[in-house]
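Under the UniProt record's numbering, the residues of the sequence shown are numbered 1 to 297, in order.
I have placed the structure first, in the form of structure tokens, so that the comments after it can refer back to it.
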Amino acid sequence: MTARPDILCIGAVLWDIVGRSPAHLTMGSDVPGRITRLPGGVAMNIAVTLARFGMRPGLLAAIGRDAEGEALVSACGSLGLITDHIYRSDDLPTDRYMAVEGANGLVAAIADAHSLEAAGAKILRPLSDGSLGSSARPWNGPVALDGNLTQALLAEIAGSGLFAAADLRIAPASPGKAERLLPLLPVANATIYVNREEAELICQRTFGDARAAAEGLLARGTARMLVTDGGRSTADGSVDGVLTAEPPPVLVTRVTGAGDAFMAAHIAAETRGESRADALQSALEAAAHHVSGDIGS
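Pasting the structure below:
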């Protein structure tokens, strides 16, 4: 019998195809570099990092039954992730993400997550059919939720009793989709992870730093949030006040997945019982290791 997950990671599980070059890239650049294909997606990246911290993550996602899907499920299992509850579709292809990074950071990315969007609420069935929970006995553990899910599904989750007992952690959405998080902001058991740009889009105003962004989100009725700002100060805001901490200075060699690494490390730290201040520092150190290339992806 499969062990019960310590945490559920809900959202994108796909193939990451990433091209990296040490050169400074501009539009039309044609340079040597490395191209890799690795299991990725917000839910996947968070789950992998959580597994490194000794947790047993379970995935709720949509993966096709095509060859790419079979390979992806196998790769997830080899990384210590629980795949029993993934929605497997016979007619939807496995999703993919493609990014190009240079010495100047992320140049461009395309997310082909149409199958996850098409599957919709089907990925949540284990939370209602008794496999992981039900309306009478909802899941009462932590949940890492992909903020890039459709607006309709995020709104459904915000009002669903299936998540009423969960410690709900919302992963960073891409800036273009940040407003999808609006229904989740006032949910009492939710923690929102965003960067400063996403906070500005949600609040429709400009902030000078992460502390100001956290204060702005609190004014919008957000229960709790963590706001990152690249190499600048990061903030943890709640009704108990706003804490800030500085990320360690490192040489940046990659950026894809940094927010996921930060969030996973923060969840793991608080699960271990670390204080807000210590958990924030642990998360910043994990993100620094990630962007410097010290932790393999």
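Glycine included, each C-beta is placed from N, C-alpha and C at the ideal position.
Quick check: what's the CA-CA separation for Asn195 versus Ala158? Walking along the sequence shown from the start, residue 195 turns up at place 195. Walking along the sequence shown from the start, residue 158 turns up at place 158. Cα-Cα distance, rounded: 21 Å.
Where Met27 falls, given that 16 or more other Cβ within 10 Å makes a residue buried: Looking up residue 27 in the sequence shown gives position 27. The residue in question, Met27, is exposed, as its Cβ has fewer than 16 Cβ neighbours within 10 Å.
Delimiting residues of the beta strand (DSSP E) encompassing Ser89: Numbered from 1 along the sequence shown, position 89 holds the residue referred to as residue 89. Where Ser89 is concerned, the enclosing beta strand (DSSP E) stretches over Tyr87 to Ser89.
C-beta atoms of Thr94 and Gly69 nearer than 8 Å: On the sequence shown, position 94 is the one that residue 94 refers to. On the sequence shown, position 69 is the one that residue 69 refers to. Yes, Cβ-Cβ distance for Thr94 and Gly69 is below 8 Å.
Starting from Met55, follow the beta strand (DSSP E) in both directions and report where the run begins and ends. Stepping through the sequence shown from its first residue, residue 55 is reached at position 55. Where Met55 is concerned, there is no enclosing beta strand (DSSP E), given that its DSSP letter is neither H nor E.
According to DSSP, residues forming a beta bridge with Leu38: Within the sequence shown, the letter at position 38 stands for residue 38. In DSSP, Leu38 forms a bridge with Asp16.
Suppose the cutoff is 6 Å on Cβ atoms and the five residues either side in sequence are ignored; what does the same chain contact list for Arg169 look like? As a working mapping, residue 169 is identified with position 169 in the sequence shown. Result list for Arg169: Ala144, Thr191 and Ile267, in chain order.
Please check the pair Tyr97 and Ile17, which I expect to be a contact at CB under 8 Å, by giving their CB distance rounded to whole angstroms. Here residue 97 is taken as the residue at index 97 of the sequence shown, counted from 1. Here residue 17 is taken as the residue at index 17 of the sequence shown, counted from 1. Correct: roughly 7 Å between the Cβ atoms.
Going by DSSP, name the residue or residues bridged to Val143. Position 143 of the sequence shown, counted from the first residue, corresponds to residue 143. DSSP output for Val143 lists Leu8 and Leu168 as bridge partner(s).
Rounded separation between Pro32 and Ala103 - CA only: Looking up residue 32 in the sequence shown gives position 32. Looking up residue 103 in the sequence shown gives position 103. Each residue's alpha carbon lies about 12 Å from the other.
Put Ser115 into one of helix, strand or coil per three-state DSSP. Indexing the sequence shown from 1 puts residue 115 at position 115. Ser115: helix per DSSP, three-state reduction.
Is DSSP giving Val107 helix, strand or coil here? Here residue 107 refers to the residue found at position 107 when the sequence shown is read from its first residue. Here DSSP, grouped into helix, strand and coil, assigns Val107 to strand.
Backbone secondary structure at Arg205 - three-state DSSP: Here residue 205 corresponds to residue number 205 of the sequence shown, with the count starting at 1. Coil, per DSSP.
Measure the CB-CB distance between Thr83 and Glu117 and report whether it falls below 8 Å. Stepping through the sequence shown from its first residue, residue 83 is reached at position 83. Stepping through the sequence shown from its first residue, residue 117 is reached at position 117. No, Cβ-Cβ distance for Thr83 and Glu117 is not below 8 Å.
When DSSP labels each residue in this structure, what does Glu200 get in the three-state scheme? Your numbering for residue 200 matches position 200 in the sequence shown. Helix, per DSSP.
Between Ala61 and chain B, is there a C-beta pair that is closer than 8 Å? Absent here is chain B; the protein component of the structure consists of one chain.
On a Cα-Cα basis, can you pick out the residue from Leu25, Phe53 and Ala199 that is closest to Thr228? Translated into positions along the sequence shown, residue 228 becomes position 228. The residue with the shortest Cα to Cα distance from Thr228 is Ala199.
Please list, in chain order, all residues of the same chain as Val42 whose beta carbon is under 7 Å from its beta carbon, the five residues on each side excluded. Within the sequence shown, residue 42 is the residue found at index 42, counting from 1. Within the same chain, Val42 has close Cβ partners Gly11, Ala12, Asp146, Asn148, Ala171 and Asp260.
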